[in-house]
Amino acid sequence: MQLAINTADPRPIYVQIMDEVRRAIVLGTLRPEDPLPSVRQLASDLRVNPNTVAQAYRELERAGVAYVRRGQGTFVAAAGTNGTERRALAAGVAERALVEAHRNGVSAEELIDAIRDAARSRDPHTLAEQP
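Note that the numbering used here has the sequence shown beginning at 152, numbered continuously upward.
In structure tokens form, the structure reads like this:
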């Protein structure tokens, strides 16, 4: 599982980690009962403080997305695979889009119209390839 964080993103790193785990669940890269990387391993891979990863994992556990098996690590919970995670992911994307639109003087209605226009004009299979 590859997680990516963006230092230019205004969201805290632990939130980015949480979003990346949720994204992997929604996309099917992570399935129920799959282990998450250890705190130390992920912190090393991302070059962040282990406390940051531990905070993300605690929040995922609190949200019911992951659970801890003592002595074995953190695993994806079965409850984390339902439509709630997909809606949460979409809500996060929408929130970031609204913030960016507001910063650029674009109203919510204009943003929605622009998204609909963009969706109509693109092949859905190529959307994932866009930056």
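Here a beta-carbon is modelled for each residue, glycine too, at the ideal position from N, C-alpha and C. On a predicted model such as this, the values are computed, not experimentally measured, just so you know.
Within 9 Å (strictly less), CB to CB, does residue i reach chain B?
i: S272; result: Among the protein chains of the structure shown there is no chain B, as only one such chain exists.
Quick check: the Cα distance between residue i and residue j, rounded to an integer number of angstroms?
i: A214; j: Y208; result: 10 Å
i: V216; j: L262; result: 30 Å
i: A229; j: S272; result: 36 Å
i: P186; j: R247; result: 29 Å
i: Y218; j: R267; result: 38 Å
i: L240; j: L249; result: 14 Å
How would you label residue i, buried or exposed, when you count the other beta carbons within 10 angstroms and need 16 or more for buried?
i: E171; result: buried
i: R173; result: buried
i: L193; result: buried
i: M169; result: buried
i: T158; result: exposed
i: L181; result: buried
Comparing C-alpha positions only, which one of the options sits nearest to residue i?
i: L197; options: R267, Y165, R238, I266; result: Y165
i: P161; options: A269, S258, E251; result: E251
i: T225; options: D268, A155, Q206; result: Q206
i: P184; options: N202, R220, N200; result: Pro is not the amino acid found at residue 184; the sequence shown has Glu there. The candidate whose alpha carbon is nearest that of E184 is R220.
i: A259; options: A269, A245, L211; result: A245
i: R237; options: P201, I156, I176; result: I176
Problem set entry | Segments assigned alpha helix (DSSP H), at least 4 residues, entirely inside the region 184 to 252 | 190 to 197, 201 to 213
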